[in-house]
Amino acid sequence: MKNKYLRTKCTVKLQKSKHRKNEFYLLIESYPVFVENSKIPQRQFSSLNRIITTPIWDKERPTRGGKYQPKRNVDGIIQCRSDSDKEACKFAQDFCKIKQSDFDNKALYPELFLQKKEADRKADMDFIEYLRDLIKRRSVDVGEGVHIQWQAMIDRIQDFTGGKSVRIGDLNAEWLEKYRNYLITNKNEKGKTLAPNTQKLYLTQFKTVLIRAYKDEVLTTDLSKKIQPIKGEKSHRVRLTIEELELLAKTPFKNDQVRRAALFSALTGLRHSDIKKLTWDEITGDNTNEPRIEFRQKKTKNMTYLPISPQALKLCGKRQSSDAHVFQKLLPTVHINVPIKAWVEKAEIKKHITFHCFRHTYATLQISSGTDLYTLSKMLGHTNITTTQIYAEVVDPKKQKAANAIKLNINKK
Numbered sequence: 002m003k004n005k006y007l008r009t010k011c012t013v014k015l016q017k018s019k020h021r022k023n024e025f026y027l028l029i030e031s032y033p034v035f036v037e038n039s040k041i042p043q044r045q046f047s048s049l050n051r052i053i054t055t056p057i058w059d060k061e062r063p064t065r066g067g068k069y070q071p072k073r074n075v076d077g078i079i080q081c082r083s084d085s086d087k088e089a090c091k092f093a094q095d096f097c098k099i100k101q102s103d104f105d106n107k108a109l110y111p112e113l114f115l116q117k118k119e120a121d122r123k124a125d126m127d128f129i130e131y132l133r134d135l136i137k138r139r140s141v142d143v144g145e146g147v148h149i150q151w152q153a154m155i156d157r158i159q160d161f162t163g164g165k166s167v168r169i170g171d172l173n174a175e176w177l178e179k180y181r182n183y184l185i186t187n188k189n190e191k192g193k194t195l196a197p198n199t200q201k202l203y204l205t206q207f208k209t210v211l212i213r214a215y216k217d218e219v220l221t222t223d224l225s226k227k228i229q230p231i232k233g234e235k236s237h238r239v240r241l242t243i244e245e246l247e248l249l250a251k252t253p254f255k256n257d258q259v260r261r262a263a264l265f266s267a268l269t270g271l272r273h274s275d276i277k278k279l280t281w282d283e284i285t286g287d288n289t290n291e292p293r294i295e296f297r298q299k300k301t302k303n304m305t306y307l308p309i310s311p312q313a314l315k316l317c318g319k320r321q322s323s324d325a326h327v328f329q330k331l332l333p334t335v336h337i338n339v340p341i342k343a344w345v346e347k348a349e350i351k352k353h354i355t356f357h358c359f360r361h362t363y364a365t366l367q368i369s370s371g372t373d374l375y376t377l378s379k380m381l382g383h384t385n386i387t388t389t390q391i392y393a394e395v396v397d398p399k400k401q402k403a404a405n406a407i408k409l410n411i412n413k414k
């Protein structure tokens with residue numbers, strides 16, 4: 002037998018004040034109300050924070066206790082003598098209609114109600130907590146350097162909000178514009194603003210989070226499209242010349258694993274994250290049989306097939322078991338630049354060289370030797386050739402030829 006449909010009814014009620022005579026609180030009574038995991042109907046009361054003192058009583062409608070019901074007009078509004086009480090009762094009736102509509106929609110359109118309830122739940126989520134959870138979930142996929150950058154982004158957002166929590170529902174175009182302006186104008190203790198490229202990095206990371214939140218259906222719209230990008234400056238990609246690289250290779254260093262890994266990067270163009278996780282089963286061939294690496298890039302997740310030279314293979318050392326790392330216990334990104342700096346200083350090279358500079362060195366030396374951009378793009382594992390074109394601007398023999406094209410016969414006086 003089909004259950005009887007019980008429609009929740011909302012009514013404006015009066016509750017006598019326990020502290021003052023002739024004062025009545027305006028309430029919304031809802032009945033029957035079924036809460037989750039319960040089949041017993043309940044009576045709910047919602048306070049409106051409104052008090053009246055001049056209700057008109059209906060002498061023809063006594064209650065069971067011998068008192069009287071308040072008089073109502075045809076619209077159900079409680080009648081009062083004072084104008085202020087009339088306005089309060091009108092407000093109560095309007096609010097009652099809204100609450101009644103919510104209950105009716107819940108009964109008639111349960112799926113839409115659940116969707117709205119879920120949307121409200123997501124809107125109330127703490128954005129900072131969502132970020133922390135996202136970092137924890139992605140820690141397996143991203144390198145330690147990215148993990149640290151994301152944590153710095155959280156610190157930056159909390160500084161912007163003054164340590165206050167941010168609801169997902171509070172994120173809108175106005176909030177995003179204020180955060181963007183904060184990145185551009187905020188000054189540190191020394192009175193300096195962030196470098197343009199640092200501003201760009203923080204905003205780009207933030208947009209990445211917004212895209213992820215949209216894909217996770219935490220955000221209903223892709224808010225990343227509402228942020229105007231920050232234009233950074235063209236960064237100077239520090240690299241070694243072939244003479245400097247050879248000098249560094251000849252300079253002995255106590256941390257042989259760091260030395261071999263850095264030179265391996267200069268000969269293959271691999272990132273630190275990919276070298277650190279490289280295992281012997283990803284290296285095929287030998288010195289006489291076209292050695293190459295078959296691996297999945299940690300940054301792009303793309304499968305890459307990279308030929309390497311016998312010299313690069315030699316830097317890997319003696320072959321171990323297939324699941325063993327080629328460069329065992331290689332220092333993480335945040336620590337490896339310390340020994341790199343000491344090694345460069347020992348070689349008396351006056352440049353600020355980090356581990357990633359060896360990848361830049363590989364790219365610029367390849368272009369200098371005549372390797373075309375398309376091939377180099379594949380070797381570096383770039384998903385977009387425009388990224389590779391940056392190296393072509395660094396090393397462009399045509400520019401040098403053009404600079405030398407005009408010659409003047411200038412006689413000295």
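The working numbering numbers the first residue of the sequence shown as 2 and each following residue consecutively. Where a beta carbon is used, it is the ideal one built from N, C-alpha and C, also for glycine.
Does the beta-carbon distance from residue i to residue j come in below 9 Å?
{"i": "Ile-29", "j": "Lys-40", "result": "no"}
{"i": "Leu-248", "j": "Thr-362", "result": "no"}
{"i": "Ile-155", "j": "Ile-136", "result": "yes"}
{"i": "Arg-238", "j": "Ile-407", "result": "no"}
{"i": "Val-219", "j": "Ile-169", "result": "yes"}
{"i": "Thr-55", "j": "Asp-86", "result": "yes"}
{"i": "Trp-151", "j": "Leu-172", "result": "no"}
{"i": "Gln-298", "j": "Gly-192", "result": "no"}
{"i": "Leu-374", "j": "Thr-389", "result": "yes"}
{"i": "Thr-209", "j": "Gln-101", "result": "no"}
{"i": "Ile-99", "j": "Arg-82", "result": "no"}
{"i": "Leu-268", "j": "Gln-312", "result": "yes"}
{"i": "Asp-217", "j": "Ser-166", "result": "no"}
Compute the Euclidean distance between the alpha carbons of residue i and residue j, then round it to the nearest angstrom.
{"i": "Ala-174", "j": "Arg-181", "result": "11 Å"}
{"i": "Lys-1", "j": "Leu-195", "result": "The chain is shown only over 2 to 414; residue 1 falls outside these bounds and no answer can be derived."}
{"i": "Asn-50", "j": "Arg-73", "result": "20 Å"}
{"i": "Leu-211", "j": "Glu-112", "result": "27 Å"}
{"i": "Gln-367", "j": "Asn-303", "result": "22 Å"}
{"i": "Leu-377", "j": "Phe-254", "result": "30 Å"}
{"i": "Thr-285", "j": "Pro-292", "result": "6 Å"}
{"i": "His-353", "j": "Glu-346", "result": "9 Å"}
{"i": "Tyr-32", "j": "Asp-223", "result": "40 Å"}
{"i": "Glu-234", "j": "Thr-372", "result": "27 Å"}
{"i": "Leu-314", "j": "His-273", "result": "16 Å"}
{"i": "Lys-60", "j": "Pro-71", "result": "9 Å"}
{"i": "Val-335", "j": "Val-147", "result": "10 Å"}
{"i": "Asn-256", "j": "Glu-130", "result": "40 Å"}
{"i": "Ile-276", "j": "Ser-266", "result": "8 Å"}
{"i": "Gly-67", "j": "Ser-18", "result": "18 Å"}
{"i": "Ile-79", "j": "Val-34", "result": "24 Å"}
{"i": "Lys-226", "j": "Phe-161", "result": "21 Å"}
{"i": "Leu-332", "j": "Gly-318", "result": "17 Å"}
{"i": "Ala-393", "j": "Gly-164", "result": "45 Å"}
Going by C-alpha to C-alpha distance, which of the options sits closest to residue i?
{"i": "Ala-262", "options": "Asn-198, Lys-226, Ile-341", "result": "Ile-341"}
{"i": "Pro-197", "options": "Pro-230, Lys-277, Val-327, Ser-370", "result": "Pro-230"}
{"i": "Thr-365", "options": "Gly-270, Lys-302, Pro-253", "result": "Gly-270"}
{"i": "Ile-52", "options": "Val-36, Cys-90, Asp-134", "result": "Cys-90"}
{"i": "Tyr-26", "options": "Thr-12, Ser-48, Lys-315", "result": "Ser-48"}
{"i": "Arg-138", "options": "Ser-369, Ala-153, Ala-214, Phe-104", "result": "Ala-214"}
{"i": "Asp-95", "options": "Asp-105, Lys-22, Cys-11", "result": "Cys-11"}
In the DSSP assignment, the alpha helix (DSSP H) including residue i goes from what residue to what residue?
{"i": "Phe-128", "result": "128–139"}
{"i": "Lys-179", "result": "174–186"}
{"i": "Tyr-363", "result": "358–369"}
{"i": "Pro-230", "result": "Segment: none, Pro-230 is in no alpha helix (DSSP H) and carries neither H nor E."}
{"i": "Val-34", "result": "No alpha helix (DSSP H) holds Val-34; the beta strand (DSSP E) holding it covers 25–34."}
{"i": "Ile-52", "result": "First-last for Ile-52: 43–53, but that is the beta strand (DSSP E), not the alpha helix (DSSP H)."}
{"i": "Tyr-375", "result": "374–381"}
{"i": "Ile-243", "result": "243–251"}
So the beta strand (DSSP E) residue i belongs to, where does it begin and stop?
{"i": "Trp-58", "result": "58–63"}
{"i": "Val-345", "result": "Per DSSP, Val-345 belongs to no beta strand (DSSP E); it is in the alpha helix (DSSP H), 334–347."}
{"i": "Arg-293", "result": "293–297"}
{"i": "Cys-11", "result": "10–17"}
{"i": "Gln-70", "result": "69–71"}
{"i": "Leu-307", "result": "304–308"}
For chain B, check one thing: does any of its Cβ atoms lie closer than 9 Å to the Cβ of residue i?
{"i": "Leu-374", "result": "The displayed structure is made up of one protein chain only, and chain B is not part of it."}
Contact between the region 197–206 and the region 355–364 is defined here as three or more beta-carbon pairs at a separation below 8 Å; is this criterion met? no
*Three or more beta-carbon pairs under 8 Å between the region 256–271 and the region 324–332, yes or no?*
yes
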